[in-house]
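Structure first, then comments.
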Amino acid sequence: MKLGIKVGPQKHSIDDLEETHAPFAEVWFQIDKKDDYNELFSYLTKRKIDAGLHFWGLTRDGFMPTISYNDPALLQESVDLIRQTIDIAADNHFSYVNIHPGNRVRMRVDFQTHIFTPASDPAQTKIIEDQFLGTIHNLSVYSSSRNVVLTVETVPMNIVKPWDGNRSGKTYPRLGSVTPKN
């Protein structure tokens, strides 16, 4: 196992890599802003730093991609975005793509304000279980064909800060009008 650091398209990420001499980097990769990563990817390649991509992004309609909700259009766009990320990882010789299974609801996300707003009722677990497993299987077969490992990371029910690197303390993010229980 190689230890490394998390990086993104921000200029300080290259500075952090320079300062730490990290042999590995996990890139927080927002697929809908893929062109913002050109300089970072060039640096990683030039310095021969091993890397993986941690998939994030938004659909055209501003939803968080999910393979855990039973909307065929949202599912297809989510799969397409994940496949694009796998292709980018393969093209850059990165070792893996890490995804989250998503939500059982349509979730609008504003990455600037960090507001997550549920936009539907939750899908029934039984209904989406087979969809999720089938989709993961198909994505895994695809990623293997591109020589990229696909990993699936689950998150706790209540996400705590600093999920975004903000060191303001461990508080619940604002979830639209949802108030967390104490």
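Residue 703 in the numbering used here sits at position 42 of the sequence shown, and the numbers go up by one each step. Beta carbons: idealized from backbone N, C-alpha and C, even for Gly.
Quick one: Cα of residue i to Cα of residue j, how far?
{"i": "residue 736", "j": "residue 666", "result": "31 Å"}
{"i": "residue 774", "j": "residue 793", "result": "29 Å"}
{"i": "residue 808", "j": "residue 757", "result": "9 Å"}
{"i": "residue 763", "j": "residue 679", "result": "33 Å"}
{"i": "residue 790", "j": "residue 722", "result": "24 Å"}
{"i": "residue 689", "j": "residue 797", "result": "20 Å"}
{"i": "residue 745", "j": "residue 695", "result": "10 Å"}
{"i": "residue 785", "j": "residue 765", "result": "8 Å"}
{"i": "residue 727", "j": "residue 739", "result": "6 Å"}
{"i": "residue 663", "j": "residue 677", "result": "17 Å"}
{"i": "residue 675", "j": "residue 691", "result": "17 Å"}
{"i": "residue 687", "j": "residue 806", "result": "21 Å"}
{"i": "residue 710", "j": "residue 668", "result": "12 Å"}
{"i": "residue 778", "j": "residue 795", "result": "27 Å"}
{"i": "residue 802", "j": "residue 733", "result": "20 Å"}
{"i": "residue 683", "j": "residue 761", "result": "25 Å"}
Using only CA atoms, which one of the options lies nearest to residue i?
{"i": "residue 742", "options": "800, 678, 808, 815", "result": "800"}
{"i": "residue 673", "options": "700, 718, 768, 695", "result": "700"}
{"i": "residue 748", "options": "669, 770, 687, 714", "result": "714"}
{"i": "residue 681", "options": "697, 708, 692", "result": "708"}
{"i": "residue 717", "options": "734, 731, 711, 771", "result": "771"}
{"i": "residue 804", "options": "675, 731, 710, 755", "result": "755"}
{"i": "residue 720", "options": "815, 693, 712, 778", "result": "693"}
{"i": "residue 767", "options": "725, 663, 795", "result": "725"}
{"i": "residue 783", "options": "729, 734, 712", "result": "729"}
{"i": "residue 810", "options": "712, 734, 733", "result": "712"}
Please determine whether the Cβ atom of residue i lies at a distance below 6 Å from any heavy atom of the ligand ADP.
{"i": "residue 807", "result": "No copy of the ligand ADP appears in this structure; indeed no ligand is present at all."}
Using beta-carbon positions only, say whether residue i and residue j come within less than 7 Å of one another.
{"i": "residue 753", "j": "residue 685", "result": "no"}
{"i": "residue 769", "j": "residue 751", "result": "no"}
{"i": "residue 670", "j": "residue 704", "result": "no"}
{"i": "residue 815", "j": "residue 759", "result": "no"}
{"i": "residue 788", "j": "residue 731", "result": "yes"}
At which residue ranges does the region 725-763 contain complete alpha helix (DSSP H) runs of 4 or more residues, listed in the order of the chain?
-> Unbroken alpha helix (DSSP H) stretches of 4 residues or longer found wholly inside the region 725-763: 733-752, given in chain order.
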